[in-house]
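*Asks:* Counting from 9, one number per residue, gives the positions in the sequence shown under the working numbering. Here it is, the structure in full.
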Amino acid sequence: MAEKGLLLVLSGPSGVGKGTVKSAIVKNKVFPFEYSVSMTTRKPRPGEINGKDYYFVTQERFKQAISQNELLEYNQYVNNFYGTPKAPVKKMLDEGKDVLLEIDVNGAKKVRKQMPDGVFIFLTPPDLHTLHTRLENRGTESEDVIMGRIKQARQEILVMQDYDYAVVNDTVANAVDHIKAIVEAEHVSVKRVIDTYRKMVKED
Ligand code: 5GP
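Now the structure itself:
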């Protein structure tokens with residue numbers, strides 16, 4: 009039987025750039041893995057492909073998926089539902105494939121409860137000063153709104169205490185490099201390989 013794959017959960021505060029980092033990992037096939045395609049009720053953006061970026065479904069279909077227990081987790085985000093289909097994730101892990109999930113912090117919390125052996129990676133902004141400068145340079149928000157955002161970011165950043173790794177998204181290339189290093193290290197961590205060695209020792 010194949011060794012189980014790693015469940016890799018990439019999450020972090022809103023606006024930190026999870027989607028961009030995930031796309032870079034997927035596009036460049038940075039390490040061997042399968043991407044878990046989420047189900048959503050939001051409309052596709054230009055260029056997004058059904059079945060590749062998301063499964064774009066109606067509210068009715070999403071509700072059915074919830075009631076039939078098809079989702080590992082789901083969450084509502086800005087009037088739309090997002091959820092992780094359970095069966096494909098389990099199947100890929102059983103086949104020994106690593107599976108990458110890119111989900112919000114609420115979803116990650118629910119996954120951790122069900123699959124505590126997963127590798128939970130928290131993407132962070134470089135620092136609050138940089139976040140402030142980024143928001144200011146965007147020029148679309150008043151100082152009041154910016155301060156509100158910074159306050160929210162302070163709270164969201166502390167969520168990292170429930171994660172295994174914190175990766176700074178200073179540049180996408182750096183973040184991707186760090187995530188690759190984490191995955192490689194996890195594959196050789198003793199807690200993951202010990203069973204294989206136990207079997208080997210027994211056979212000899
Ligand atoms: P977007 O609409 O920009 O693609 O995604 C909005 C938010 O939904 C992002 O924070 C993204 O990480 C999150 N998201 C995407 N798929 C899922 C999912 O299956 N479950 C949860 N909980 N969040 C998701």
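Quick reminder that beta carbons are idealized off the backbone N, C-alpha and C, glycines included. Owing to the predicted nature of the structure, the values given are computational and were not obtained by experimental measurement.
1) Can you tell which of F130, Y63, K35, I190 has its C-alpha closest to the C-alpha of T48?
2) Any chance the stretch 15-27 sits against the stretch 196-210, with 3 or more Cβ pairs inside 8 Å?
3) Tell me whether Y205 is buried or exposed, calling it buried when 16 or more other Cβ atoms sit within 10 Å of its Cβ.
4) Classify Q5 as helix, strand or coil using the three-state DSSP reduction.
5) Can you tell me whether D106 is buried or exposed? The criterion is at least 16 other CB atoms within 10 Å of its CB, across all chains shown.
6) Grouping DSSP H, G and I as helix and E and B as strand, with all else coil, what is M123?
7) Under DSSP, the alpha helix (DSSP H) around V65 begins and ends at which residues?
8) E110: beta carbon under 7 Å from a heavy atom of the ligand 5GP?
9) Figure out for me which residue from E81, L108, Y82, V86 has the closest Cα to the Cα of K26.
10) Just to confirm the assignment, what range does the beta strand (DSSP E) spanning S19 have?
11) My guess is that N145 and D112 are in contact by the Cβ rule of under 8 Å, so how many angstroms apart are they, rounded?
12) In chain order, what residues of the same chain have a beta carbon less than 7 Å from the beta carbon of L143, not counting five sequence neighbours either side?
13) Looking at G55 and the ligand 5GP, is the gap between the Cβ and the nearest heavy atom below 7 Å?
14) Decide if P133 is buried, meaning its Cβ has at least 16 other Cβ atoms within 10 Å, or exposed.
15) Can you have a look at A181 and say buried or exposed, based on whether 16 or more other CB atoms are within 10 angstroms of its CB?
16) Closest by CA to F70, which one among F39, E211, P93, G55?
17) Please classify Y111: does DSSP put it in a helix, a strand, or coil?
18) Going by the C-beta, is N77 closer than 7 Å to any heavy atom of the ligand 5GP?
19) I need the DSSP call for Q145, collapsed to helix, strand or coil.
20) What are the start and end residues of the alpha helix (DSSP H) that includes S31?
*Replies:* According to the structure data:
1) Within the sequence shown, the letter at position 40 stands for residue 48. Among F130, Y63, K35, I190, the Cα nearest to that of T48 belongs to Y63.
2) no
3) Along the sequence shown, one-based indexing puts residue 205 at 197. Label assigned to Y205: exposed.
4) Because the chain here runs from 9 to 212, residue 5 falls outside it and cannot be looked at.
5) Counting from one through the sequence shown, the residue named residue 106 turns up at place 98. Buried, because 16 or more other Cβ atoms sit within 10 Å of the Cβ of D106.
6) Taking the first residue of the sequence shown as position 1, residue 123 is located at position 115. Coil.
7) Counting from one through the sequence shown, the residue named residue 65 turns up at place 57. Premise fails: V65 is in no alpha helix (DSSP H) and is neither H nor E.
8) Translated into the one-based positions of the sequence shown, residue 110 becomes position 102. Yes - the ligand 5GP has a heavy atom lying nearer than 7 Å to the Cβ of E110.
9) Your numbering for residue 26 matches position 18 in the sequence shown. Nearest option by C-alpha distance: L108.
10) Working through the sequence shown from its first residue, we reach residue 19 at position 11. 15-19 is the span of the beta strand (DSSP E), which, as asked, contains S19.
11) Within the sequence shown, numbered from 1, the residue matching residue 145 stands at position 137. Within the sequence shown, numbered from 1, the residue matching residue 112 stands at position 104. Their Cβ separation, rounded to whole angstroms, is 25 Å, which puts N145 and D112 out of contact at 8 Å.
12) Reading the sequence shown from its first residue, position 135 is the one you call residue 143. Taken in chain order, the residues that qualify are E149, I154, R157.
13) Residue numbering aside, residue 55 sits at position 47 when the sequence shown is read from its first letter. No, the ligand 5GP has no heavy atom inside 7 Å of this Cβ.
14) Taking the sequence shown and counting its residues from 1, one reaches residue 133 at position 125. Burial call: buried.
15) Against the sequence shown, residue 181 aligns to sequence position 173. Exposed, because fewer than 16 other Cβ atoms sit within 10 Å of the Cβ of A181.
16) Numbered from 1 along the sequence shown, position 62 holds the residue referred to as residue 70. Considering only alpha carbons, the answer is P93.
17) Position 103 of the sequence shown, counted from the start, is the residue given in the question as residue 111. According to the sequence shown, residue 111 is Ile rather than Tyr. Residue state, collapsed to three classes: coil.
18) The residue labelled residue 77 in the question sits at position 69 within the sequence shown. No, the Cβ of N77 stays beyond 7 Å of every heavy atom of the ligand 5GP.
19) Residue numbering aside, residue 145 sits at position 137 when the sequence shown is read from its first letter. Residue identity check: residue 145 is Asn in the sequence provided, not Gln. Here N145 sits in helix by DSSP.
20) Position 23 of the sequence shown, counted from the start, is the residue given in the question as residue 31. Note, S31: alpha helix (DSSP H), 26-36.
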